[in-house]
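Take 463 as the starting number for the sequence shown in this note's numbering and just add one per residue. Input: a single structure, listed below in structure tokens.
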Amino acid sequence: MIPTKLDSMTIGTIREQGMESVINWFDQHKQSFYELGLFFLSNEHQIEELFYRSISKVHKEVPRFKQETSFEVWVTTIFLQTCRSLSRESGIHSSEPQHELLKAFDQLNNHEKEAMVLRYVKGLSQEEAAYILQVSVNQLKKYLFSGIRSLRKQMGNEESYDGCTEYHKDYIDYLERTMDRPNRIDFEVHIYHCEECQEDLSTFQDVRLSIVNDTDTMEDFHLPSHFMMNVKERLLEEENRKRQKNQKRRRVGLAIAGVFALLMGIGFFTGAFANVYYTWTEEDEQLRAYLQEDLGQRVNLVAESEGVKVKIKAVVADDVQTLVFYEIEDTNEDNQYFMNYDDGVIVENVYKIMKNESYPRYYPPNLESDVNKTEKNVYQGKISLLPLKEEEGTINLKINKLLKIDRDSSVASQLWGYGDIQSKTGKWNFEIPVTKQPSVEYALSGQTNIEGIPVRFDKLIIAPTTTTLQYGINTTDPKKQLEFLQFNDLEVNNKIVKSDLYGGSHIQQDMNWFISQAQFDTLLGEKPKQVSVQLGSAYLIIQDNKTIELNASQEYPQTFEYAGSTISIDKVDVGIPTTIVISDHNVENRAYEGLHINVVGEDESFPMSMGMETEGVLVDKNGVKYDMNTPIEYEKIEQPRHFTTVQTLRLEDSDMIPKKLDISGYNTTKYLNEIVKLSLE
463 MIPTKLDSMT IGTIREQGME SVINWFDQHK QSFYELGLFF LSNEHQIEEL
513 FYRSISKVHK EVPRFKQETS FEVWVTTIFL QTCRSLSRES GIHSSEPQHE
563 LLKAFDQLNN HEKEAMVLRY VKGLSQEEAA YILQVSVNQL KKYLFSGIRS
613 LRKQMGNEES YDGCTEYHKD YIDYLERTMD RPNRIDFEVH IYHCEECQED
663 LSTFQDVRLS IVNDTDTMED FHLPSHFMMN VKERLLEEEN RKRQKNQKRR
713 RVGLAIAGVF ALLMGIGFFT GAFANVYYTW TEEDEQLRAY LQEDLGQRVN
763 LVAESEGVKV KIKAVVADDV QTLVFYEIED TNEDNQYFMN YDDGVIVENV
813 YKIMKNESYP RYYPPNLESD VNKTEKNVYQ GKISLLPLKE EEGTINLKIN
863 KLLKIDRDSS VASQLWGYGD IQSKTGKWNF EIPVTKQPSV EYALSGQTNI
913 EGIPVRFDKL IIAPTTTTLQ YGINTTDPKK QLEFLQFNDL EVNNKIVKSD
963 LYGGSHIQQD MNWFISQAQF DTLLGEKPKQ VSVQLGSAYL IIQDNKTIEL
1013 NASQEYPQTF EYAGSTISID KVDVGIPTTI VISDHNVENR AYEGLHINVV
1063 GEDESFPMSM GMETEGVLVD KNGVKYDMNT PIEYEKIEQP RHFTTVQTLR
1113 LEDSDMIPKK LDISGYNTTK YLNEIVKLSL E
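As structure tokens, then:
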């Protein structure tokens, strides 16, 4: 068993606080996991997908974490398994990197590559890496030895270095300083007298060190700006959608045969048949609207497995997403099931026919509609897939698991790990023909300033399934960064549509502007003449450097002033691990929500591995506080802010003595209530 690095209270906090605490943990470790992903996947989008799936999986599985190993090792195991799965799904067996180090690693076999990355890139111990790979420590060292030798050749060293075969087994332990003293003395005596082993071991060490040095200095390994924000937005978008309750209109009954026949006859002459027909016959309100506007495709594909019949009713596709409307019937029992993307629902040809720059949206099960309340064995729903690359194509949809609806607990609790959700496995395969519907794009002009930062509005895009407002944020101020905007609503021609609170995304950097998009409810068929948008809040990162000297021999707690607040250093304990705890429980009128903080050693070095655990409180716009240890309906809280009250820093590098706390800045949310009128160009 590997010693754990997080105590039970920390794990308890993660379990109680849910998704946000898992996201925060990954945010603190994002660089090392990003580097790990670079060695296996070929582009940034796939690594974002890797982070998204891994965080979701960790959140679902954390109730079953047994503390047989450290939390980081457990998470890394899930991360690597997800990486393998994503590589298989996308058909990627080797990446196409630009840097020579990545190219060289790509020539190693899988065992060597994984061992080398875990040990020398991720920086895990031999025991931890062996645990993740499910091999013995001796087997791991064999992988490391053969991997370094292969890498030495791949990196252009054509000379032959053999050394003495009987001493090869000692190379790894000696270079990593894990060899016991008697064996080390014997080994060093031999090395001193053997020139071939000296040369072999020297080049061996050069390769090993070059991996670490290249990883630290390579520009390719630098985490892109806003990388984690894209992942966070997707996760928060889905979490919010899983909590939403949509009100649906009552189902209209069928008309008598004579009236229906009359309407059919009228339809042939007036062109109104489609509108009237779908008004009477389609139960799903949203699908009915699409069919009436001739924007959706009826497909009516059926597959049955294990007594459960899945019917794909219709598809609506545009440049934003591909909406699939379905019906699931349990023919044997009174069970209701729904689909969840990435959890048993796979598009087998996703990389061939679909765009990978965006993410599928999440639509929570609608348990309030008449059909879903009255039919105990039938559920009608929809699922979002990625948009098509071309104007039309065929989606190879493979379903091997359906999730069971439990009306005695919330859908959110089932999906996000608060309960044990039941599922139904089987094989339901479909080939779905899809034609993409056009979007209409309108150029806008309009600008405002938020906390001194210029914001411009560029485009309004009306698609069948959503409305998109594209805007740019100026990035020239080095002391203040506007990360993203939250909008309240969009008004077009006196029609108001609400914003999708977690549906925004960053799309590109354009010179001194960062281009983003916000999503709103659909404006189906609307031709804009008057446009205005109401701002809700702004999330900012403020650069404000401060250094605080540390001395483990001093008595703690001690306080310091920062951003108008008095912050306490509660303790500094040097050991394995070294622990530093800072706190600030006074959140009323506090300027910052969370600090951007690091630890500096006596030689101005940073720790090789630093974990951070946080505690906090949720505060709404009116100053009302919410207990993070109890279930919270976030969609009912008015513009909540999360204030960190306690930060615990853990340094796993036993050789480092903390000398300073280096605060680079902080993040904060500013409430807005401005209405910006926009002009159509």
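We treat Cβ as the ideally placed atom computed from N, Cα and C, and that holds for glycine.
Less than 9 Å separating the beta-carbons of residue i and residue j?
i, j, result
"L1183", "I845", "An answer regarding residue 1183 cannot be provided, because it is not within the stretch 463 to 1143 covered by the chain."
"D796", "N839", "yes"
"L757", "K775", "no"
"V1034", "Q1005", "no"
"V1062", "I1042", "no"
"V599", "Q616", "no"
"Y496", "L685", "yes"
"E1075", "H688", "no"
"D792", "Y803", "no"
"L829", "V772", "no"
"I894", "V778", "no"
"K1147", "I1010", "Absent from the structure is residue 1147, since the part of the chain shown begins at 463 and ends at 1143."
"L859", "N891", "yes"
"L753", "E766", "no"
"Q783", "R823", "yes"
Starting from the C-beta of residue i, find all residues in its chain whose C-beta is less than 7 Å away, skip the five residues before and the five after it, and write them out in chain order.
i, result
"T544", "L512, R515, S516, K519"
"L606", "A577, M578, R581, I634"
"Y1133", "S999, K1083, Q1101"
"Y636", "R646, F649"
"S608", "E574"
"G602", "Note on residue identity: the sequence assigns Leu, not Gly, to residue 602. Excluding residues within five positions, the ones whose Cβ falls inside 7 Å are A577, Q588, A591, A592, L595."
"G499", "I509, L512, C545"
"K851", "I815, M816, K817"
Based on DSSP bridge pairs, tell me the residues matched to residue i.
i, result
"N1060", "D1124"
"E1011", "K1122"
"L1140", "V993"
"K773", "V764, E789"
"I1031", "Q1020, I1044"
"E1077", "V1108"
"G855", "V896"
"E953", "I958, S994"
"F946", "Y1001"
"I845", "V786"
"N794", "Answer is none; N794 lacks a bridge partner."
"G1026", "According to DSSP, which records beta bridges pairwise, G1026 is partnered with nothing at all."
"I1038", "According to DSSP, which records beta bridges pairwise, I1038 is partnered with nothing at all."
"Q932", "K921, Q979"
Can you list, in chain order, the residues of its chain whose CB lies under 6 Å from that of residue i, leaving out five sequence neighbours each side?
i, result
"H1131", "First, the residue type needs correcting, since residue 1131 is Thr and not His in the sequence shown. Counting only Cβ-Cβ distances below 6 Å, and skipping sequence neighbours, we find S999, Y1001, R1103."
"D1082", "I1099, E1100, P1102"
"L586", "L580"
"G907", "Correcting the residue type first, residue 907 is Ser in the shown sequence and not Gly. Excluding positions up to five away in sequence, the list reads S1141, E1143."
"S556", "Residue placement at S556 cannot be trusted, given a pLDDT of 43 that sits under 50; what the coordinates show is reported in the next sentence. Correct list, in chain order: D568."
"H507", "N818"
"K1087", "V1079, V1081"
"E1136", "L997"
"S901", "D780, D781, I923, A925"
"R1112", "P1039, T1041, G1073"
"D1124", "T1009, N1060, V1062"
In its own chain, which residues sit with a C-beta less than 8 Å from the C-beta of residue i, not counting the 5 before and 5 after it?
i, result
"T836", "none"
"R711", "With a pLDDT of only 34 at R711, under the threshold of 50, the placement of this residue in the model should not be trusted; the figure read from the coordinates follows. Taken in chain order, the residues that qualify are E747."
"G1085", "E1050"
"G987", "E755"
"E1055", "R1103, H1104, F1105, T1106, Y1128, N1129, T1130, T1131"
"D951", "I958, V959, K960, S961, F982, V995, Q996"
"M801", "Y788, I790, V807, G843, I845, I861, L864, L865"
Does the ligand GDP have a heavy atom nearer than 8 Å to the CB of residue i?
i, result
"I509", "Inclusion of the ligand GDP in the displayed structure is not the case, the ligand content being empty and no account of it being possible."
Give the list of continuous alpha helix (DSSP H) stretches no shorter than 4 residues that lie fully inside the stretch 879-929. none
Is there contact here, the stretch 798-808 with the stretch 919-931, by at least three beta-carbon pairs under 8 Å? no
Does the stretch 566-585 come close enough to the stretch 604-612 that 3 or more CB-CB pairs lie under 8 Å? yes
Start-end ranges of the alpha helix (DSSP H) lying completely within the stretch 478-503, minimum 4 residues: The alpha helix (DSSP H) runs of length 4 or more contained entirely in the stretch 478-503 are, from start to end of the chain, 481-490, 492-500.
Can you find at least 3 beta carbon pairs, one from the stretch 1037-1051 and one from the stretch 1105-1114, that sit closer than 8 Å? yes
Indicate whether the contact test is met: 3 or more Cβ pairs, each with one atom in the stretch 974-987 and one in the stretch 947-963, closer than 8 Å. yes
Can you list, in chain order, the stretches of the alpha helix (DSSP H) that have 4 or more residues and sit fully within the stretch 626-678? Within the stretch 626-678, the alpha helix (DSSP H) runs of at least 4 residues that lie entirely inside it are, in chain order, 633-637, 643-655.
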